[in-house]
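Okay, so the sequence shown: first residue is 61 according to the numbering used here, each after it adds one. Just so it is clear, CB atoms sit at the ideal spot from N, CA and C, and this is done for glycine as well.
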Amino acid sequence: MTKKVNITTEAGADVETVSAAVSRTLKQARKQQGITLDELSRRSGVSKGMVVEIEKGSANPSIATLCKIAAALGLSVADFVNVADTPAAHLIDSDDIPTLWTGELGGSARLLAGTSGPNMLELWRWELFPGESFASAGHPNGTIELFHVEKGTLHLRVGDAELIVGPGCSAVARTDVAHGYANHGRAKLVFTMSVTELHQGARESPTP
């Protein structure tokens, strides 16, 4: 079995470094919270075998799998790949920005920055070549994604709805249902995307 998590890079962070970061963060967070492998598997909906392999640094988890495990631990994906921090201002060097998905034709999704979980705000940059697509299951209730297309045309599917977002245009979508991004055009698609995910406990503001 491969020793690298499926977080490949072009100009981004070294794949083995990211794999080690994911493994280390998972192990530390699980032990600090006193959560067994069985309990983490139950909370996240990810098989115990997969959790074990990720913790060992020998699995190939998808973005969706990392999202599920992070949410179960009260973390964000950015926490896992070391692009989140707590100071008021935090610089992320270009070489430290990881690519968390690569398409069969060379497309990519890079997590540019993000806040620590459980409430999280993420900034992504996607490139999809003609014919490429990415599908995702629904995120936690109330998750919002904002899109801005730089080049090409984004075919955005959210539940039963579909939007065609052209260059220079933006879109807003509630992505707590199945959704996907696709490039059905002839030119490369480039878009930026922010994800805001607020978990239930944090949505409830305390009474003054």
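T235 places its beta carbon less than 8 Å from that of V218. Here the alpha carbon of L181 sits roughly 7 Å from the alpha carbon of E257.
Of G134, K128, V106, A124, the smallest CA-CA separation from Q88 is found for G134. Under DSSP, the beta-bridge partners assigned to H239 are S196, V218. In the DSSP secondary-structure assignment, H208 is bridged to S230, T252. Using a Cβ distance threshold of 8 Å, G174 and E187 do not count as a contacting pair. Secondary structure at S168: strand, using DSSP grouped into helix, strand and coil. Counting C-beta atoms within 10 angstroms of its own C-beta, T96 has fewer than 16 neighbours from the protein chains shown and is therefore classed as exposed.
For A138, the secondary structure class from DSSP, reduced to helix, strand or coil, is helix.
Between L165 and G191 a beta carbon distance of about 6 Å is seen, short of the 8 Å cut, so the two are scored as contacting.
Look at L183 here: in three-state DSSP terms it is strand. Bridge partners of V225 according to DSSP: L214.
Between F251 and the set S196, A221, D220, E205, the nearest pair of CA atoms involves E205.
E113 is bridged by DSSP to nothing; it lacks a bridge partner. Here V112 has L97 as same chain residues with Cβ atoms under 7 Å from its own Cβ, once five neighbours each way along the sequence are excluded.
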